[in-house]
Structure formats: structure tokens, C-alpha cells
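Asks: Mind looking over this structure? Questions follow.
What follows is the structure, encoded as C-alpha cells:
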């Protein structure tokens, strides 16, 4: 059984990706998904790039997208530390 959990737009969330991007966070998630496809799941550099994109674009996001983006960023901060990335 494949589990999907939509978090934001068409690309943010485990097992959730496809279609046009909806905003800056969704575009960052799409790039992250494509990185995972290329480099494998839980790739440290892929996660770090996602976090960097979120930080870069945060000021350009609307309020709700920004709230979700901060939570996605916080999740990956825990993830990279748990995986021994940094």
C-alpha cells in the first residue's frame, strides 16, 4: 500500500507529487522530489537544498504558505540531524 500525505500544493508531502506547481514552496518540494528520485530518499544534500530554497523564498510567500514552509523546514531540520547529516 502506498501512503500519500499532501502537505502543500501538488508536490509537498510523502508519496505526493505531480502536476503543475502551486507557489514557491510547492516548486521547492518538486525540486526536492526530483532530487530524491535522482539521489535516493533521505539524501542529506537534497534535504539541505530544500531547506535553503525555503529560506531563500520565505519572504516572498503569503502568510499561510509561509506557515507551512516553516513547518516543512523544521521537519527537515530534525530529519537531517536524525540522519547524521550535520
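In the numbering used here, the protein residues as written are 1398 to 1483.
Even glycine gets a Cβ: it sits at the ideal position worked out from N, Cα and C.
None of these values were measured; they are calculated from a predicted model.
Can you give the Cα-Cα distance for residue 1431 and residue 1460, rounded to whole angstroms?
Replies: Within the chain shown, residue 1431 is the residue found at index 34, counting from 1. Within the chain shown, residue 1460 is the residue found at index 63, counting from 1. Going from the Cα of residue 1431 to the Cα of residue 1460 covers about 26 Å.
Asks: Confirm, please, whether the CB-CB distance from residue 1409 to residue 1426 is below 8 Å.
Replies: If you number the chain shown from 1, residue 1426 lands on position 29. If you number the chain shown from 1, residue 1409 lands on position 12. Cβ atoms of residue 1426 and residue 1409: closer than 8 Å.
Asks: In whole angstroms, give me the CA-to-CA distance for residue 1415 and residue 1483.
Replies: By 1-based counting over the chain shown, the position of residue 1415 is 18. By 1-based counting over the chain shown, the position of residue 1483 is 86. Those two C-alpha atoms are separated by around 30 Å.
Asks: Measuring CA to CA, which of 1452, 1450 and 1462 is closest to residue 1419?
Replies: Locating residue 1419 in the chain shown gives position 22, where the first residue counts as 1. Among 1452, 1450 and 1462, the Cα nearest to that of residue 1419 is on 1462.
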